[in-house]
Amino acid sequence: ETAVFQTPNYHVTQVGNEVSFNCKQTLGHDTMYWYKQDSKKLLKIMFSYNNKQLIVNETVPRRFSPQSSDKAHLNLRIKSVEPEDSAVYLCASSSGKGGSDYTFGSGTRLLVI
Amino acid sequence: GQQVQQSPTSLVLQEGENAELQCNFSTSLNSMQWFYQRPGGSLISVFYNPSGTKQSGRLTSTTVIKERRSSLHISSSQITDSGTYLCAGGSNYKLTFGKGTLLTVTP
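Next up, the structure:
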């Protein structure tokens with residue numbers, strides 16, 4: 420099956436903890452993304468990587484750090500979570516700058532208590 | 011200002027009625043796309059439509075670049091069409107999303 424796979428689906432943690440989310444795509448795309456969907460359902464870009472190189476970093480707090488070992492993987496680490504980090508984090512991939520083959524994963528829901 | 015504006019915010023239809031969703035976008039965006047999201051679900055691409063009109067079954071998308079607008083028309087709505095429809099514009103390795111239209115189709 421070719422798709423974008425995210426783990427975990429759901430994670431609950433306390434303020435100040437570190438969390439890591441994994442994302443893998445088996446579509447052969449060369450660009451991967453992390454988006455954040457807040458409680459009002461607004462989706463915003465966080466990071467874009469093309470062939471393991473950071474292309475877009477949309478003024479994300481420094482406690483967020485993306486990690487790409489190869490073009491099929493893009494993980495996201497949050498060093499010390501804060502309550503406002505509670506959201507759904509969506510990973511996506513596409514070829515090039517993004518076109519008709521934009522594909523999203525099922526998301527990781529983070530709850531910070 | 012907001013780069014992608016969607017309307018309406020929400021829409022309630024009876025099964026069989028038609029829906030027209032609108033999206034206006036700024037000049038910095040192109041390659042408009044429409045996505046569908048069920049509650050708690052992932053985003054599914056509905057249309058990639060940088061310009062012109064595209065149709066797939068009961069769904070039709072029209073993008074008029076000169077007027078910076080794109081629309082999604084759903085004909086003969088079904089209960090399974092319920093969910094959130096998001097439009098997005100592409101630029102430089104990212105999509106900018108509108109706030110979405112929540113569509114509810116009732117029996």
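Just so you know, the sequences run in chain order A and B. With the numbering used here, letter number 88 in the first sequence gets 507, and the count goes up by one each step, no holes. With the numbering used here, letter number 66 in the second sequence gets 76, and the count goes up by one each step, no holes. The beta-carbon is built from N, C-alpha and C at its ideal position, and this holds for glycine as well. Since this is a predicted model, take the numbers as computed values, not measurements.
Start and end residues, beta strand (DSSP E) containing residue i
i, result
"residue 425 of chain A", "423-426"
"residue 41 of chain B", "40-47"
"residue 55 of chain B", "53-58"
"residue 36 of chain B", "Segment: none, residue 36 of chain B is in no beta strand (DSSP E) and carries neither H nor E."
"residue 76 of chain B", "Careful: residue 76 of chain B lies outside any beta strand (DSSP E) and carries neither H nor E."
"residue 93 of chain B", "93-100"
"residue 109 of chain B", "Where residue 109 of chain B is concerned, there is no enclosing beta strand (DSSP E), given that its DSSP letter is neither H nor E."
"residue 429 of chain A", "429-432"
"residue 528 of chain A", "527-531"
"residue 104 of chain B", "Taken as a continuous stretch (DSSP letters only), residue 104 of chain B belongs to no beta strand (DSSP E), as it is neither H nor E."
"residue 65 of chain B", "62-66"
"residue 13 of chain B", "Unbroken run through residue 13 of chain B: none, as it is neither H nor E."
"residue 24 of chain B", "20-24"
"residue 444 of chain A", "438-444"
Close beta carbons around residue i, own chain, < 6 Å, minus the five adjacent residues each side
i, result
"residue 70 of chain B", "83"
"residue 507 of chain A", "456, 526 and 528"
"residue 429 of chain A", "528"
"residue 445 of chain A", "421"
"residue 72 of chain B", "63 and 81"
"residue 1 of chain B", "Within the shown structure, residues of chain B are numbered from 11 to 117, placing residue 1 of chain B beyond reach of any answer."
"residue 520 of chain A", "513 and 514"
"residue 112 of chain B", "20 and 94"
Residues of its chain near residue i, where Cβ-Cβ distance is below 7 Å and the 5 sequence neighbours each way are ignored
i, result
"residue 464 of chain A", "452, 454, 475 and 477"
"residue 27 of chain B", "87"
"residue 106 of chain B", "13, 14, 39, 98 and 99"
"residue 504 of chain A", "497, 529 and 531"
"residue 427 of chain A", "527"
Presumed contact (8 Å Cβ cut-off) between residue i and residue j, rounded CB distance
i, j, result
"residue 529 of chain A", "residue 438 of chain A", "7 Å"
"residue 490 of chain A", "residue 470 of chain A", "5 Å"
"residue 103 of chain B", "residue 421 of chain A", "About 21 Å separates the two Cβ atoms, so there is no contact after all."
"residue 434 of chain A", "residue 500 of chain A", "6 Å"
"residue 78 of chain B", "residue 36 of chain B", "7 Å"
"residue 473 of chain A", "residue 442 of chain A", "With a Cβ gap of about 15 Å, residue 473 of chain A and residue 442 of chain A do not count as contacting."
Heavy atom of the ligand GDP within 8 Å of residue i beta-carbon
i, result
"residue 528 of chain A", "As far as ligands go, the structure on display features none, and thus does not contain the ligand GDP."
Nonlocal neighbours in the same chain, by C-beta distance under 8 Å from residue i, ignoring five residues either side
i, result
"residue 25 of chain B", "87, 88, 89, 115, 116 and 117"
"residue 522 of chain A", "422, 423, 444, 446, 448, 511, 512 and 513"
Contact list for residue i against chain D, beta-carbon separation under 9 Å
i, result
"residue 443 of chain A", "The question asks about chain D, but that chain is absent: this structure's protein chains are A and B."
Using a beta-carbon distance cut-off of less than 9 Å, what residues from the region 81-101 of chain B approach chain A? Listed by position, the residues of the region 81-101 of chain B near chain A (Cβ gap below 9 Å) are 94, 96, 98, 100 and 101.
Give the residues from the region 458-472 of chain A that approach chain B closer than 8 Å (Cβ to any Cβ), ordered along the chain. 459, 460, 461, 462, 463, 464, 467 and 469
Could you name the residues of the region 518-531 of chain A whose beta carbon sits closer than 9 Å to any beta carbon of chain B, in the order they occur along the chain? 518, 519, 520, 521, 522, 523, 524, 525, 526 and 528
What beta strand (DSSP E) runs, 3 residues minimum, are completely inside the region 449-516 of chain A? 450-456, 462-469, 472-476, 483-486, 494-497 and 506-513
Quick one: which residues of the region 473-491 of chain A get their C-beta closer than 9 Å to a C-beta of chain B? List them in chain order. 474, 475 and 477
Near-chain A residues of the region 18-52 of chain B (beta-carbon distance less than 7 Å), N- to C-terminal order: 41, 43 and 52
By the 8 Å beta-carbon criterion, what residues does the region 57-79 of chain B contribute toward chain A? 58
Near-chain B residues of the region 489-512 of chain A (beta-carbon distance less than 9 Å), N- to C-terminal order: 507, 509 and 511
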